[in-house]
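Below is one structure; the comments refer to it alone.
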Amino acid sequence: MSKVVAIDGPAGAGKSTVAKLLAARCGFTYVNTGSLYRAIAWAAAKSGVDVKELKEEFLSALDLDYVDGVLLVNGVDPGSELRTVSCAAGASFVATLPFVRKFLLPVQRNAAEKGWIVMEGRDIGSVIFPDAAYKFFVTASVEERARRRMAQNVNESLSFEEIKAAIAARDHQDSHRAEAPLCQAADAVLVDTSALSIEQVVEQLHDYIVQNPREC
Ligand code: DC
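Just so you know, we're using this note's numbering here: the sequence shown kicks off at 76 and counts up by one.
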């Protein structure tokens, strides 16, 4: 059993905030795996390579490593540059490439070598750490996720219905790709956050961990 709290779920369900707070509360290291896919898209853009033309050889010159939970790309922290819309779009594309997922598998597994981690993604409990000590599938209704996104005010020009449609489309793409699709692992605990505050979700996950000690 790996010293891993796996948190999977669709975009906009509050995974990142919950995973970060849970890690701080438990004294574990927080690891965001979406950043890895974003880092590949970022490195490609920096090298003038179109992600649609990305070849496996490009990855052999790429060193991705987590140092204290911070992702370094060839020794550099790309910081907020990973959060841009173009990086997200590139990440979504590279995440469909089997050679990319194969390349990122050991990077993610190595992150658990130094002690307990809370790792957040789409396929952590199903593919990366099928033996994770704890697995949670954190989700929320499409309506609630669209409401939260509206409240963040990041898509001012889009209507509620447009945001909802975009979320539903991304859910469909993430759940239907051939390679490691978004899915709830059979042994993951389902947490529907639709009617819960962030604090309530963190409390629920923390309580579960405390009440279900694991031998690792
Ligand atoms: O969580 P995020 O938005 O930073 O993820 C960026 C992209 O990477 C997203 O399109 C889904 C993909 N991803 C993935 O396929 N598997 C993961 N474990 C994490 C992210």
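In this text, a Cβ means the ideal position worked out from N, Cα and C, and glycines have one as well.
In this text the structure is predicted, and so the values were computed from the model without any measurement.
(message) Just to confirm my understanding: we take R289, look at its own chain, exclude 5 residues before and 5 after, and list those with CB closer than 8 Å. What are they?
(response) M76, A208 and Y209
(request) State the beta-bridge partners of I82 as determined by DSSP. (result) E195 and F211
(message) Quick check on S161: does DSSP put it in helix, strand or coil?
(response) Shown here, S161 sits in a helix according to DSSP, grouped into three states.
(message) Considering just the uninterrupted stretch of the alpha helix (DSSP H) at T92, what are its terminal residues?
(response) K90 to C101
(message) I want to know whether the segment 270-285 touches the segment 90-98 - three or more CB-CB distances under 8 Å.
(response) yes
(message) Under DSSP, the alpha helix (DSSP H) around N185 begins and ends at which residues?
(response) P173 to N185
(message) Between the alpha carbons of S122 and D152, how many angstroms are there, rounded?
(response) 16 Å
(request) Work out the CA separation of A86 and D206 for me, nearest whole Å. (result) Here the C-alpha atom of D206 lies approximately 24 Å from the C-alpha atom of A86.
(request) Please indicate yes or no: does the CB of R100 lie closer than 7 Å to some heavy atom of ligand 3? (result) Of the ligands one can find in the structure shown, namely ligand 1, none is ligand 3.
(request) Taking only the alpha-carbon atoms, compute the straight-line gap between R117 and A81 and give it to the nearest angstrom. (result) Reading off the sequence shown, one finds Trp at residue 117, where the question assumed Arg. Looking at the two C-alpha atoms, the distance is approximately 25 Å.
(request) Return the residue from the list V277, L280, M225 and K177 that minimises the CA-CA distance to E131. (result) Nearest C-alpha to E131: K177.
(request) Within its chain, find whatever has a CB closer than 6 Å to the CB of Y112; leave out the 5 residues flanking it on each side and keep chain order. (result) A166, V169 and A170
(request) State the CB to CB distance for the pair V193 and V106, rounded to an integer number of angstroms; the pair is presumed to be in contact (CB under 8 Å). (result) Taking the Cβ atoms as the reference, V193 lies roughly 7 Å from V106, within the contact range of under 8 Å.
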